[in-house]
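Q: Every position in the sequence shown, counted from 1, becomes a number in our numbering once 1 is added.
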Amino acid sequence: MKLTLCIEIGLLSHAVAQANFPVALNSTFGTAGSRNVRIDTGTYGPPVEEYHYFYDQWPIGLAVSKEGRVFTCYTRGTYAYTLGEVISETAEAAYPSLELNTPPRGLSNVSNGITFGSNDESHFISVQALYVTPDDTLWVLDTGRPTITQEEKISMPYAAPGGPKLVAINLTTNSINKTYTLPPTVHYPDSYMNDLRFDLRPNVTESGGGIAYIVDSSNEGRTGFIMIDLATGESWRQLNQHPSTQAISEDVPSYNGIPFYLRQQGHPLGFQEEGLDGAELDQYGETRYLRANPNSDPLANKNAFDKVRNLGQRGGNANGFTGDSLGNVYMLMPEHNAIFIYKYARIVQG
Numbered sequence: 002m003k004l005t006l007c008i009e010i011g012l013l014s015h016a017v018a019q020a021n022f023p024v025a026l027n028s029t030f031g032t033a034g035s036r037n038v039r040i041d042t043g044t045y046g047p048p049v050e051e052y053h054y055f056y057d058q059w060p061i062g063l064a065v066s067k068e069g070r071v072f073t074c075y076t077r078g079t080y081a082y083t084l085g086e087v088i089s090e091t092a093e094a095a096y097p098s099l100e101l102n103t104p105p106r107g108l109s110n111v112s113n114g115i116t117f118g119s120n121d122e123s124h125f126i127s128v129q130a131l132y133v134t135p136d137d138t139l140w141v142l143d144t145g146r147p148t149i150t151q152e153e154k155i156s157m158p159y160a161a162p163g164g165p166k167l168v169a170i171n172l173t174t175n176s177i178n179k180t181y182t183l184p185p186t187v188h189y190p191d192s193y194m195n196d197l198r199f200d201l202r203p204n205v206t207e208s209g210g211g212i213a214y215i216v217d218s219s220n221e222g223r224t225g226f227i228m229i230d231l232a233t234g235e236s237w238r239q240l241n242q243h244p245s246t247q248a249i250s251e252d253v254p255s256y257n258g259i260p261f262y263l264r265q266q267g268h269p270l271g272f273q274e275e276g277l278d279g280a281e282l283d284q285y286g287e288t289r290y291l292r293a294n295p296n297s298d299p300l301a302n303k304n305a306f307d308k309v310r311n312l313g314q315r316g317g318n319a320n321g322f323t324g325d326s327l328g329n330v331y332m333l334m335p336e337h338n339a340i341f342i343y344k345y346a347r348i349v350q351g
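#1: Can you give me the C-alpha to C-alpha distance between Asp191 and Met157, rounded to a whole angstrom?
#2: Going by DSSP in three states, Asn338 sits in which element: helix, strand or coil?
#3: Less than 9 angstroms between the beta carbons of Asp196 and Ala280, yes or no?
#4: Touching or not, the stretch 182-191 and the stretch 126-141, by the rule of three or more beta carbon pairs under 8 angstroms?
#5: Using a threshold of 9 angstroms, state whether the C-beta atoms of Glu68 and Leu139 are closer than that.
#6: Evaluate contact between the stretch 304-311 and the stretch 228-244, counting only Cβ atoms and requiring at least three cross-stretch pairs below 8 angstroms.
#7: How big is the Cα-Cα spacing for Thr148 and Thr103?
#8: Would you please state the rounded distance, in angstroms, between the beta carbons of Gly164 and Ser119? I believe it to be under 8 angstroms.
#9: Does the stretch 254-262 come close enough to the stretch 222-237 to have 3 or more Cβ pairs within less than 8 angstroms?
#10: Could you give the uninterrupted runs of the beta strand (DSSP E) lying entirely in the stretch 187-266, keeping only those of 3 residues or more?
#11: Answer yes or no: do Asp217 and Met194 have a C-beta to C-beta separation smaller than 9 angstroms?
#12: Please classify Asp121: is it buried, with 16 or more other beta-carbons within 10 angstroms of its beta-carbon, or exposed?
#13: Which residue's Cα is closest to the Cα of Ile340: Ser236, Gly328, Gly317 and Ser326?
#14: Identify, in the order they occur along the chain, each residue of the same chain with its Cβ nearer than 6 angstroms to the Cβ of Thr116, setting aside the five sequence neighbours on each side.
#15: Would Pro97 be called buried (16 or more neighbouring beta carbons within 10 Å of its own) or exposed?
#16: Looking only at its chain, what residues have a beta carbon closer than 6 angstroms to the beta carbon of Gly324, apart from the 5 residues adjacent to it on each side?
#17: Cutting at 7 angstroms between CB atoms, please list the residues of its own chain near Gln265, excluding the five before and the five after it.
#18: For Pro72, does the three-state DSSP call read helix, strand or coil?
#19: When burial is assigned at 16 or more other CB atoms within 10 Å of the CB, is Ser90 buried or exposed?
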């Protein structure tokens, strides 16, 4: 299986700094210090370009179209919208419209005394990731699991069928082309869709429509990959709870040398529990072991498990990464205030 896995990332985005650690809104400093972020001296690599400033909503993902349009997404809490487009150096607007970002019945529903995320298939609930394919389609990954506040406690309700979805938007018409929802046998109530990649080659499925690979980083341990046949809409899971997709027990990330823990009122210090956070296809797209549907191939799960290989350590906790046609994988490394580049050397077997 030629699939680069990024395991145990996204740690800093869900963590809280230890008490009394000074945190500034502007995370860059003119001089380095024991409690300051390292500065870019400009002695290596191209200069940094400041393109956009976020003031009202903090983004979780972005994507850029062929024409240079920039789209951003925000995991939903009290934000007015969860999918936006950059319209100036300091502002974004709801995309494609505020209406599509506003489920009429709200972001969550209560059933038998239990709160679930909205089951609205036609509106965006809480978008985690974006991706633009070569045909200039914007793909939107909606977890269906917003952050809510009940009795002064912040929580994330379980997903309800219909809420978690993959949406394709035509950037020429700014309209939705297609929406893919997932059955409860594929997307569990505790699933959390974190990232996505595509293989659009016509020969990867019998339908010829290509396939979407979605990461499930469930913080309750039911991690794995979700695959969708883009022509038929059929979906399935692979590598369920494989060790490579699981959280590392009692892992403590740090930022500038300061350890980060999960903090909840009335609870002891906790640890990050989400597992697999992202994925990147290699330039050869050899993912046939994930493409096999366990519903039609009884050996699919075993073959996928057997083909996982450990490609080594990254040198820190990464948060977001992508690849290029040369086989490089670029990893954002918050712990180092840097971008790491991993060079994948293809191993030819046979």
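Note that beta-carbon positions come from the ideal geometry of N, C-alpha and C, so glycine has one too.
A: Once the coordinates are examined:
#1: By 1-based counting over the sequence shown, the position of residue 191 is 190. By 1-based counting over the sequence shown, the position of residue 157 is 156. Rounded to the nearest angstrom, the two C-alpha atoms are 10 angstroms apart.
#2: Here residue 338 is taken as the residue at index 337 of the sequence shown, counted from 1. Asn338 falls in the coil class under three-state DSSP.
#3: Position 195 of the sequence shown holds residue 196. Position 279 of the sequence shown holds residue 280. Going by C-beta atoms, Asp196 is nearer than 9 angstroms to Ala280.
#4: Taking 8 angstroms as the limit for Cβ pairs, the verdict is that the stretch 126-141 does not touch the stretch 182-191.
#5: By one-based count along the sequence shown, residue 68 stands at place 67. By one-based count along the sequence shown, residue 139 stands at place 138. No, these two residues do not count as a Cβ contact at 9 angstroms.
#6: yes
#7: One-based indexing of the sequence shown puts residue 148 at position 147. One-based indexing of the sequence shown puts residue 103 at position 102. Roughly 15 angstroms between the two C-alpha positions.
#8: Start at 1 with the first residue of the sequence shown, and residue 164 comes out as number 163. Start at 1 with the first residue of the sequence shown, and residue 119 comes out as number 118. Contact between Gly164 and Ser119 holds, since their C-beta atoms are separated by about 5 angstroms, short of 8 angstroms.
#9: A contact between stretches requires three or more CB pairs, one per stretch, nearer than 8 angstroms, and the stretch 254-262 fails this requirement with the stretch 222-237.
#10: 194-200, 212-217, 225-230, 236-239 and 259-262
#11: Taking the sequence shown and counting its residues from 1, one reaches residue 217 at position 216. Taking the sequence shown and counting its residues from 1, one reaches residue 194 at position 193. It is a contact, given that the beta carbons lie within the stated cut-off.
#12: Taking the first residue of the sequence shown as 1, we reach residue 121 at position 120. That one is buried.
#13: The count along the sequence shown starts at 1 and reaches residue 340 at position 339. Closest by alpha carbon: Gly317.
#14: If you number the sequence shown from 1, residue 116 lands on position 115. The residues are Ser109 and Pro158.
#15: Within the sequence shown, the letter at position 96 stands for residue 97. With 16 or more other Cβ atoms within 10 Å, it is buried.
#16: In the sequence shown, counting from the first residue as 1, residue 324 sits at position 323. Closer than 6 angstroms at Cβ, skipping near neighbours: Glu281 and Val330.
#17: Along the sequence shown, one-based indexing puts residue 265 at 264. Closer than 7 angstroms at Cβ, skipping near neighbours: Gly271.
#18: The sequence position of residue 72 within the sequence shown is 71, counting from 1. For the record, residue 72 in the displayed sequence is Phe; it is not Pro. Strand at Phe72.
#19: Locating residue 90 in the sequence shown gives position 89, where the first residue counts as 1. Note on residue identity: the sequence assigns Glu, not Ser, to residue 90. Glu90 comes out exposed.
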